[in-house]
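Protein chains in written order, with our numbering: chain A, -19 to 423; chain B, -14 to 548.
Ideal Cβ placement from N, Cα and C applies to all residues, glycine included.
Just so you know, these numbers come straight off a predicted model, no measurement behind them.
Below is one structure, written out as structure tokens, with a few remarks after it.
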Amino acid sequence: MKRLPIILGGIFISLLILLLPPLIHTTYGQDLLVKNGKVVTLGKKGTIEGGDVLIEKGRIKKIGKGLRAPEGVRVIDASEMWVIPGIIDTHTHIGVEGGVNEGSNSVTSEVRIIDVIWPENISIFYALTGGCTTCNTMHGSANTIGGQNVVIKNKWGVSADELIYHRAPKELKFALGENVKQSNFPRVSGQPRYPTTRMGVEALLRKKFTEARAYMKKWDDYNKQKKAGKNPIPPRRDLQLDVLVELLQGKVRAQVHCYRADEILMMLKVAEEYGFKISSLEHVLEGYKVADAIAAHGASCSTFADSWGYKMEAFDAIPYNSALLAEAGVNITINSDSGERIRRLFQDAAKCVKFGGMSEEDALKTVTINSAKCLGIDKWVGSIEEGKDGDLAIFNTNPLSAYTRCEMTIIEGKVYFDRKAYQEEMEKLREEAKKKEEKKEKS
Amino acid sequence: MRLLLYFKPVVGRELSRCLAKEWAVLFFVLILCGMLIPVVSAEEGVVYAIKDCRIVPVVGEEIPSGVIVIRDGLIHAIGADAAIPSDAVVIEGEGLIAYPGLIDSHTKLLVKLPKEPERPAQQAAASPQPSLGKWGLSPDLLTIKVLEPNEKAMERLRNLGITTVLTVPDKGIMVGQSAVVNLAGDAIADMVVKSPAALHIEFNTARGMRAYPSSLMGAVALIRQTFYDVIDYKLRWERYRQHPRGMRRPPTDPVLEALIPVVEGKLPVVFTTKNQNDIRRAYLIAREFNLKHMISGANEGWKQIELLKSKTVPLLITMNFKAPNTAFEAQQGKEVKERAEKEIYPLNAFKLHEAGLKFAINSYGLTRSTDLTKNLQTAIEKGLPAEEALRAMTINAAEFLGIDQQVGSLEKGKIANIVLSEGELFAKESKVKYVFVDGKKFEVKAPKKKPAAEGKPANIAGEWTFTIETPMGSMESTVSIEQSETTFTGTMKTEMGEWEIHSGSIEGNQITFTISANIMGETVEMVAEGTVEEDIMSGTIEAGEAGTMDWKAVKVPTLLIHE
């Protein structure tokens, strides 16, 4: 029995060897035929029993029945299985190296997740095991303006640059409420960071957007002079204001972490005053109280299914939030905000059926096509449609069932997770480790 | 005899005219003499001839048996039948192999930074960004200004055959401009081979509460903003210099001023990379600002081989095989991590070589820079050809650092940095016998043999009062040790918190162990050795380039409780 820890250690090391090889090679855009599954397209073609999906060079070429695979193309038998679009998480912090908050300042729009993508973070692999193919990995919520987020595809084993989903528009993270006030953190060195109140947050936002307007004008003047044939000195480039200008120009999407109804209304007002649009409100636990205002602005809402009461500003949360917002006409998505829950998003989606009486299809949409809309990438991902990316998740049964299990996850036609193959490989390595141990014992 | 003529009596104007002319001639004759017989110390004046040694010049053909003549600190002659001058001190080289002195292409050797000035706490965010020059930006720091010769530290490296190092501080983000120095001398001024060699950038964060940047992404943003500021600064000053009249002059900033040669491509940038992602960051920044750059560290180079192959960038790779925290293996527990450090990380150099990449080698990140050659031997065992290792530590490093006309090979006219070893240099059983640095001879003495450990291992379990003699006075702490036969671990309670003691081993009454000190959020590994004599232990601690410190420990008596 003393040997057991050694054997377990051997298994762990084998695990490492198993998972290592993909870190080195890379692939993009493969061909694949998924056959005879219950294909829930969440698109125009509805649900097809015994349906096939043909992927060519990473894109969905054809959806239908009785499709034949061109020569040499791998065929996956999905009989008795459910095939759904790859799950999309609109709010995570996985795959980020060296801190998610630049907490020294309350406005740090100059910092970018794209500079610190961490492809070896095991959470990316965990996400795959739950059918999650795409996620929006973001800054934390310590700052009024946190920085520039990035959308990645969970291609476990590739380098940072290959993870980035380049089609996704640029995004900027904002945060409101208690985290920004730092009331959830211990005071350090006796000197609180400005702002420490909700009104301070609003004032800081206005100050920064006013600065951004002035900065934009400086550049406009410079460009005008240059056009007029003069030789002006360009203004000093300011990375912090650059992105705020892009936001004012509608080139960047704003994602706002918020909880309370009052701060949500404040943010919508500031945005409308400065003439930019908020693409999504994150968490938005009191969203149901101001659903009409959110719907009128046209922001998506990315929320938790039923998390409640974990801090003061989360006490008015109700599990019916998503259903009520959806009823008001808001595009609603469920997010994980966690490297662990990211692999069970389908279960969180199922809660919308229980609590809000959403249809099963609508519930599934909260973690697929709605998420894609929220991130502005619904032209390419989020549903199974011809021309879209070949991102699929295959489940053994209805993904909203308590007994469901993700069997396979495919990104752009490449199988990145195959539970059966993975388990077989694990078993093999376990046996090998055991044999090795026995051999040692004998000698 | 002609000199006498100068004093021949001449009359009148003739005299003064003649004197002026002849005295000038005399003056130049004296100067000429001065050049021929330099005023130097006894050692520096010695001419050496190493005879009958095998010569591996790295550049050019190997010479099975030849002579190297060293004069004025340079290689005066080299070849199979180079003449031995009559004034030379002859060194019998039979059975020895001569190599160029090795170059460690990235260390912080001899760096002694002044105490950091107190930083003002950052103002509330409503105030403007913190000014440059603080927060880890010191591109204007010339390493030669903060070097102090340390004979002991230099000797340790010379004994391994290392004669030249690139040295630079490692604190902050833009850490300063490095220097290449030869490892012999009492004055830095005489040791410098090249300064500045490069600007060094590390992906560090600023230390202290509320200091910007506190995150890695903040560091990248600060580096980018700083380069944009340099471009802006340069343009404003150029405009101002063209037409100072009627234009308000721009403010002067020494930090931005120091970076102008960098954006102009005149001074290369060395990015220190501690994982595969740092390599990507370095490439992206270099591309954005069109910088002439090198990559140092590259401990995970094999994971970025495609990127490294895409553009020829000098690589200065480390022999530090520790897996970074970002490594997949590091997330799988200690055992997997340690196995990766044994089986995967030492393969890096071999894999880069296989990919056809050219590199130099350094000790960056090693707790003991003397582990450099030991780890290099491991890399050779893992497949790196020994001759490639030799090139990496000589001519490759010299070419990358732009000093290949001075060092890096045994060629006539180059600096006499020479290693004479018994056996092939990187073979395990080889011994470095002589090292020449700038023509100065150093004989490597065999290390003093420790008295053979006798008897069963001493029992050191329990509590000890532990005193370290630091340069700033003695530091007392309480150490508790848990021993199992010949190994031990423990904890050290200090004023700066609790530190871990690990890798302890006992052989008779000789002990060695490592202290993992946590100093202001950074882990510093210190290797200690010592002797046990009943209830007293004493020995020395090697704290990187900070030098060697003495320690002493006294057993805390176990209290006997009487009824």
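Can you give me the Cβ contacts of residue i inside the same chain, cut-off strictly under 6 Å, excluding the 5 residues immediately before and after it?
{"i": "Cys238 (chain A)", "result": "Leu156, Ile244, Leu261 and Val264"}
{"i": "Lys179 (chain B)", "result": "Val165 and Ile388"}
{"i": "Gly282 (chain B)", "result": "Thr257, Thr258, Lys259, Thr303 and Tyr349"}
{"i": "Val215 (chain B)", "result": "Leu241, Leu244 and Val248"}
{"i": "Thr452 (chain B)", "result": "Ser459, Glu461 and Lys537"}
{"i": "Tyr218 (chain B)", "result": "Leu241"}
{"i": "Glu412 (chain A)", "result": "none"}
{"i": "Glu90 (chain A)", "result": "Leu219 and Gln220"}
{"i": "Phe421 (chain B)", "result": "Ala401 and Ile403"}
Which residue comes first and which comes last in the beta strand (DSSP E) that contains residue i?
{"i": "Tyr290 (chain A)", "result": "Looking at the DSSP string, Tyr290 (chain A) is not in any beta strand (DSSP E), and its letter there is neither H nor E."}
{"i": "Thr211 (chain B)", "result": "Here Thr211 (chain B) belongs to no beta strand (DSSP E); instead the alpha helix (DSSP H) covers Leu201 to Gln227."}
{"i": "Arg54 (chain A)", "result": "It is not in any beta strand (DSSP E) - Arg54 (chain A) carries neither H nor E in the DSSP assignment."}
{"i": "Arg39 (chain A)", "result": "Arg39 to Gly44"}
Who are the near neighbours of residue i in its chain, counting only those whose CB is closer than 8 Å to its CB and skipping five residues on each side?
{"i": "Gly203 (chain B)", "result": "Thr190 and Tyr197"}
{"i": "Ala27 (chain B)", "result": "Since pLDDT at Ala27 (chain B) reaches only 45, below the 50 mark, its modelled position is unreliable, and the value read off the structure follows with that caveat. Once the five neighbours on either side are set aside, Ala27 (chain B) has no close Cβ partner at all."}
{"i": "Gln162 (chain A)", "result": "Ala122, Pro172, Arg173 and Thr176"}
{"i": "Ile365 (chain B)", "result": "Ala371, Ala374 and Phe411"}
{"i": "Val160 (chain A)", "result": "Ser86, Ser121, Ala122, Asn123, Thr124, Pro175 and Val181"}
{"i": "Lys397 (chain B)", "result": "Ile60, His61, Ala62 and Ile63"}
What does DSSP give as the partner residue(s) for residue i in the beta ladder?
{"i": "Gly17 (chain A)", "result": "A:Gly31"}
{"i": "His278 (chain B)", "result": "B:Val254"}
{"i": "Asp89 (chain B)", "result": "B:Val150"}
{"i": "His487 (chain B)", "result": "B:Thr499"}
{"i": "Phe335 (chain A)", "result": "BP columns for Phe335 (chain A) are empty, so no partner."}
{"i": "Asp535 (chain B)", "result": "B:Glu454 and B:Thr525"}
{"i": "Ala83 (chain B)", "result": "B:Ile40 and B:Leu405"}
{"i": "Tyr556 (chain B)", "result": "For chain B, the structure presents residues -14 to 548; residue 556 (chain B) sits outside this window and is missing."}
{"i": "Tyr33 (chain B)", "result": "B:Ile55 and B:Val74"}
{"i": "Ser282 (chain A)", "result": "A:Glu262 and A:Thr313"}
{"i": "Met388 (chain A)", "result": "A:Ile374 and A:Asp398"}
{"i": "Met561 (chain B)", "result": "The question about residue 561 (chain B) has no answer here: the residues shown for chain B are numbered -14 through 548."}
{"i": "Glu448 (chain B)", "result": "B:Ser465"}
{"i": "Met511 (chain B)", "result": "B:Ile500"}
{"i": "Arg233 (chain B)", "result": "Bridge partners of Arg233 (chain B): none, in fact."}
{"i": "Ile48 (chain B)", "result": "B:Ile40"}
{"i": "His277 (chain A)", "result": "Its beta-bridge partners do not exist; DSSP assigns none."}
{"i": "Ala62 (chain B)", "result": "B:Val54"}
Report the neighbours of residue i on chain B: residues whose CB is nearer than 8 Å to its CB, in chain order.
{"i": "Val395 (chain A)", "result": "Going along chain B, no residue has its Cβ under 8 Å from Val395 (chain A), so there is no contact; the nearest lies around 20 Å."}
{"i": "Asp95 (chain A)", "result": "Leu201, Met202, Val205, Ala206, Arg266 and Leu269"}
{"i": "Trp429 (chain A)", "result": "Coverage of chain A is limited to positions -19 through 423, which leaves residue 429 (chain A) absent and any answer about it impossible."}
Got a sec, what are the start and stop residues for the alpha helix (DSSP H) residue i sits in?
{"i": "Ile365 (chain B)", "result": "Asp356 to Glu366"}
{"i": "Gln205 (chain A)", "result": "Arg178 to Lys207"}
{"i": "Ser163 (chain A)", "result": "Note, Ser163 (chain A): premise wrong, no alpha helix (DSSP H); not H, not E."}
{"i": "Asp263 (chain B)", "result": "Gln261 to Glu273"}
{"i": "Arg399 (chain A)", "result": "Arg399 to Lys422"}
{"i": "Ile346 (chain B)", "result": "Not the alpha helix (DSSP H): Ile346 (chain B) falls in the beta strand (DSSP E), residues Phe344 to Asn347."}
{"i": "Ile380 (chain B)", "result": "Ile380 to Phe385"}
What does residue i reach in chain A if we use C-beta pairs closer than 7 Å?
{"i": "Arg209 (chain B)", "result": "Leu219"}
By Cβ distance below 7 Å, which residues in the same chain neighbour residue i in space, the five residues on each side in sequence not counted?
{"i": "Ala325 (chain B)", "result": "Ala308, Ala312 and Glu314"}
{"i": "Tyr254 (chain A)", "result": "Phe189 and Leu228"}
{"i": "Asn101 (chain A)", "result": "Ile74 and Gly75"}
{"i": "Lys540 (chain B)", "result": "Gly447, Trp449 and Asp520"}
{"i": "Val424 (chain A)", "result": "Residue numbering for chain A in the displayed model covers -19 to 423; residue 424 (chain A) lies beyond these limits and cannot be assessed."}
{"i": "Asn305 (chain B)", "result": "Asn284, Tyr349, Gly350 and Leu351"}
{"i": "Gly524 (chain B)", "result": "Ala513, Glu514, Gly515, Thr516 and Trp536"}
Name, please, each residue of chain A whose Cβ falls closer than 9 Å to the Cβ of residue i.
{"i": "Pro181 (chain B)", "result": "Going along chain A, no residue has its Cβ under 9 Å from Pro181 (chain B), so there is no contact; the nearest lies around 27 Å."}
Who are the neighbours of residue i on chain B, taking C-beta pairs under 7 Å?
{"i": "Asn81 (chain A)", "result": "Ser200"}
Can you pull the chain A residues whose beta carbon is under 8 Å from the beta carbon of residue i, in chain order?
{"i": "Ala196 (chain B)", "result": "Ser84"}
| Contiguous beta strand (DSSP E) assignments of at least 3 residues, all confined to the region 212 to 249 of chain A | Segments of the beta strand (DSSP E) lying fully in the region 212 to 249 of chain A: 233 to 238.
| Ordered list of beta strand (DSSP E) runs contained in the region 148 to 183 of chain B, each at least 3 residues | For the region 148 to 183 of chain B, whole beta strand (DSSP E) runs of length 3 or above, ordered along the chain, are 159 to 162, 164 to 167 and 177 to 179.
| Length at least 4, wholly inside the region 77 to 160 of chain A: the alpha helix (DSSP H) runs in chain order | Within the region 77 to 160 of chain A, the complete alpha helix (DSSP H) runs of at least 4 residues are 102 to 109 and 140 to 143.
| query | Quick one, which residues of the region 331 to 346 of chain B are near chain C if we go by CB-CB under 7 Å, in chain order? | reply | The displayed structure is made up of protein chains A and B, and chain C is not among them.
| request: Output the residue ranges of the beta strand (DSSP E) runs that lie fully inside the region 292 to 317 of chain B and measure 3 residues or longer, sorted by chain position. | output: As far as the region 292 to 317 of chain B is concerned, its whole beta strand (DSSP E) runs of at least 3 residues are 300 to 303.
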